[in-house]
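J.:
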Amino acid sequence: MDIDIIGIVRAIVGIVLITFVPGFALSWAIFPRSDRVPLVNRLALSFVLSIIGVIATVLFIDIVLGVETTTGNIVIAVILLTVLAAVAWKVQIIFRESKLKAGIDEALRAEQNVITIDLAPLWNLFASLRGRNALINFLERKLKGGIDRAHRSADKNVATIDLSPLRNLFAYLRGRKAAQSDEKVDAESYEERITTHITGITGTKCPPRK
């Protein structure tokens with residue numbers, strides 16, 4: 001007895017094409033994220049969606065298009081259904097990636113909402129005036145501007161810094177300012193202590209004074 005190998009292969013391919021392939025593609029189009037549906041559940045869903053998809057395809061060819069349903073027509077329609085599902089899955093992946101990239105770019109552009117201290121003008125003021133009245137006023141403006149921006153921002157993910165060291169610095173400066181009329185301030189130790197405060201606030205060392 002001769003065995004029709006080609007016929008067996010065609011039967012296996014037909015069964016897989018009808019009962020698995022279109023449903024598997026549809027499952028990825030409906031649930032594009034692999035972590036949402038376990039593999040076993042996705043395989044079971046693929047068989048169900050394949051049967052539904054093939055039945056819907058046959059009805060579409062027969063009733064809507066008015067074309068006689070043949071094996072060739074069904075195979076072509078199932079392949080088209082699979083391709084459309086794969087395209088829908090790919091479009092969702094591209095959209096998610098572009099949305100993620102846009103979110104990252106937006107986060108990188110949100111620097112105006114971050115409370116920061118610009119060290120360059122701060123150091124220039126400190127070097128020329130030894131951190132007295134002008135430095136106090138400058139730091140107060142920076143603190144007030146940072147607090148105002150924080151209050152206006154409703155984004156809980158906006159980066160902020162701890163303002164308590166800055167407030168301590170203000171208290172220290174005001175105390176030194178009040179004591180200037182009674183005692184002589186050591187410029188070098190005064191500069192060193194201010195630099196230590198600034199480094200603690202910003203995490204950045206001040207550049208060497210020219």
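Going by the numbering used here, the sequence shown runs without a break in its numbering and finishes at 210. Just so you know, even glycine gets a beta-carbon here, dropped at the ideal spot from N, CA and C.
1. What's the C-alpha gap between Ile79 and Lys99?
2. With 16 other CB atoms within 10 Å as the buried threshold, where does Ser34 fall?
3. Who are the near neighbours of Glu183 in its chain, counting only those whose CB is closer than 8 Å to its CB and skipping five residues on each side?
4. Thinking C-beta only, is Pro22 closer than 7 Å to Ser50?
5. Which residue from Ile18, Ile5, Ile94 puts its Cα closest to that of Gly53?
6. Can you have a look at Thr71 and say buried or exposed, based on whether 16 or more other CB atoms are within 10 angstroms of its CB?
7. Going residue by residue through the region 12-92, where are the continuous beta strand (DSSP E) segments of at least 3 residues, counting only ones entirely within it?
8. Starting from the Cα of Ala25, find the closest Cα among Arg96, Phe60, Val48 and give me that residue.
9. Please classify Val16 as buried or exposed, where buried requires at least 16 other C-beta atoms within 10 Å of its C-beta.
10. Using the rule of at least 16 other Cβ atoms within 10 Å of the residue's Cβ for burial, across every protein chain shown, is Gly65 buried or exposed?
11. Measuring only the C-alpha atoms, how far is Val13 from Glu97?
12. What does the alpha-carbon distance come out to for the pair Thr57 and Ile74?
13. So what's Ile5 in DSSP terms, helix, strand or just coil?
14. Who are the near neighbours of Leu81 in its chain, counting only those whose CB is closer than 7 Å to its CB and skipping five residues on each side?
15. Please report the distance separating the alpha-carbon of Val83 from that of Lys90.
16. Taking the alpha carbon of Ile76 as the reference point, which residue from Ile61, Ala88, Ala86, Leu39 has its own alpha carbon closest?
17. Among Ile3, Thr69, Val37, Ala29, which has the Cα closest to the Cα of Ile55?
T.: According to the data block:
1. 30 Å
2. exposed
3. With a pLDDT of 42 at Glu183, under the threshold of 50, the modelled position of this residue cannot be trusted; read the value that follows with caution. Closer than 8 Å at Cβ, skipping near neighbours: no residue.
4. yes
5. Ile18
6. exposed
7. none
8. Val48
9. exposed
10. Per the sequence presented here, residue 65 reads as Leu, with Gly not at that position. The residue in question, Leu65, is exposed, as its Cβ has fewer than 16 Cβ neighbours within 10 Å.
11. 35 Å
12. 7 Å
13. helix
14. Pro22, Gly53, Thr57
15. 11 Å
16. Ile61
17. Thr69
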